[in-house]
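Right, one structure below, let's go through it.
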Amino acid sequence: MYSIDDLKTFVIIAETGGVTTGARRLGISPATASHRLAKLEAALQLTLFLRNSRVLRLTDEGQVFFERVQPILADLSQAERDAGSGAAALSGHLRVTMSPWILSRFIMPALPDFQQRHPKLTFEFLTVDRYVSLVAEGQDCAIRVGQLQDSSLVARKLSENDRIICCSPDFAAQHGPFDYAQDLEEAPWVSLPWQRRIPVKDSMGRRRDLTTPSSVLVSNSDMLTDGAVKGLGLAIKSRLAVRDELNDGRLIEVAADCLWEPSAPIWFVFSPETRAGQKTKLFGDLAMQAFNALRPGGKTGS
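Every letter in the sequence shown is one number past the one before it in UniProt numbering, and letter 275, counting from 1, is 275.
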C-alpha cells in the first residue's frame, strides 16, 4: 500500500526531473525519495519512470498517472491551506529566493513585525545574484529584478526600478569623466559574473556590447556595492539598491543614459502550480508593503 507522501514524492520528482532535486525540495534524503518511489511502483505494478545514468523521464503510464494525481494533490494542499487560513497565525515553511540587496534592504527590516504575527511560519532565503528555477531548486516564490523571462510564472510588480552606472566621487575624479560609452572602456570595474559584457549606447545612439575590464569580480551584489563605495571601480547597480549611498554622496551616477536597457522592475513571482497558498500570498503582501514603506512617494507597485 502507498501513502500520500509517496504520491507527493512521485509528483515532485516528475516536476523537478530528478530524485536528488526532488528530495532536496521535499527536505528528505535521496534514498528516502527512491524508497517511496519504489514502493509506489510496486503497489501500482507499474514502471513510472525510465531510468539511465543521465536522465529520468516518465513512461507513458507514468505520464498518465502524473496528469491525474498532480491536480488532486494540488487541490488537497489548497484545501489544507484554506482550512487553516481562518486562524490568525500561519504556520509552515516558505522557501524564497532573491538578490542579497533585496533581502538586506527591504525584506529584513519588515520581517520582525511579520514574524510577530506569524511566529510558527519559518523562512529559508536563497540569496543569489543569478536566475533560479523555482521548480528545479525547490523554491516557493521569488523576488526578481529586470524583465521577466519565464511567462509561465504568476507575476506581481512590486516597484519600478532602473539600473545605473555608479562609482565613488574619488574614483570619478581620478578616472573620469564618464560622459560616453567609450569613456567606460579603460576604467576598472567591479562586476558580477553576468556583467562582463553589457549592452550600451554609442555616441550615435546605436547599441554596442561593452566588455568591462573587471579589476574585481564578485558573486554578491552587496559586495559589489561595497567595492564601488571603496573606490575599486565602476559598477552597474539597481538604483533602489544604492539609494542610500546616492543620497549621502558615497556613490554618484555617471554615464547617464549610456545603458541600452536600464529598466529593471522588481517582481514577486510564483509558479501557478503552487495554487498561491496563503503563505505565498501573504509574503507577496509583505514584499509590496516593504517596497512601499522604504520608497518615497507612496505606492510603487500594482
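The C-beta atom is built at its ideal place from N, Cα and C for all residues, glycine as well.
Could you pull the start and end residues of the beta strand (DSSP E) that residue i belongs to?
i: Lys-120; result: 120–127
i: Leu-158; result: 154–159
i: Phe-270; result: 266–270
i: Glu-137; result: Where Glu-137 is concerned, there is no enclosing beta strand (DSSP E), given that its DSSP letter is neither H nor E.
i: Ser-238; result: 235–238
i: Glu-253; result: 252–254
With which residues is residue i paired in a DSSP beta bridge?
i: His-35; result: In DSSP, His-35 forms no bridge with anything.
i: Ser-214; result: Trp-189
i: Phe-106; result: DSSP lists no partner for Phe-106.
i: Glu-61; result: Glu-61 pairs with nothing; no bridge assigned.
i: Gly-92; result: Leu-121
i: residue 349; result: Because the chain spans 1 through 302 in this model, residue 349 falls outside it and cannot be assessed.
i: Ala-142; result: Thr-97 and Val-269
i: Val-200; result: Arg-208 and Leu-259
i: Phe-49; result: Leu-58
Name the residue from the options whose alpha carbon lies nearest to the alpha carbon of residue i.
i: Val-269; options: Ile-236, Ala-256, Asp-140 and Pro-119; result: Asp-140
i: residue 309; options: Val-242, Gln-278 and Ala-31; result: A question about residue 309 goes unanswered here, because the residues of the chain that appear run from 1 up to 302.
i: Lys-157; options: Ile-164, His-35, Cys-166 and Ile-143; result: Ile-143
i: Asp-183; options: Trp-194, Ala-255 and Arg-130; result: Ala-255
i: Leu-46; options: Glu-61, Asn-52 and Glu-245; result: Glu-61
If you follow the alpha helix (DSSP H) that residue i is in, where does it begin and where does it stop?
i: Thr-9; result: 4–16
i: Leu-58; result: That residue, Leu-58, is in no alpha helix (DSSP H); its beta strand (DSSP E) goes 56–58.
i: Leu-246; result: 243–247
i: Pro-169; result: 169–175
Determine the DSSP secondary structure at residue i, reduced to helix, strand or coil.
i: Ser-302; result: Only weak support is given to the placement of Ser-302: the predicted model assigns it a pLDDT of 37, under 50, and the value that follows is read from those uncertain coordinates. Three-state DSSP puts Ser-302 in coil, outside helix and strand.
i: Ser-29; result: coil
i: Ser-221; result: helix
i: Gly-284; result: helix
i: Pro-112; result: helix
i: Thr-97; result: strand
Just the C-alpha distance for residue i and residue j, rounded to the nearest angstrom, thanks.
i: Thr-59; j: Leu-126; result: 33 Å
i: Ala-23; j: Trp-260; result: 41 Å
i: Ile-102; j: Leu-48; result: 41 Å
i: Ser-191; j: Val-216; result: 7 Å
i: Pro-100; j: Val-19; result: 29 Å
i: Ala-33; j: Glu-137; result: 16 Å
i: Thr-280; j: Leu-232; result: 39 Å
i: Ala-293; j: Ala-43; result: 54 Å
i: Tyr-131; j: Gln-70; result: 26 Å
i: Lys-39; j: Tyr-2; result: 7 Å
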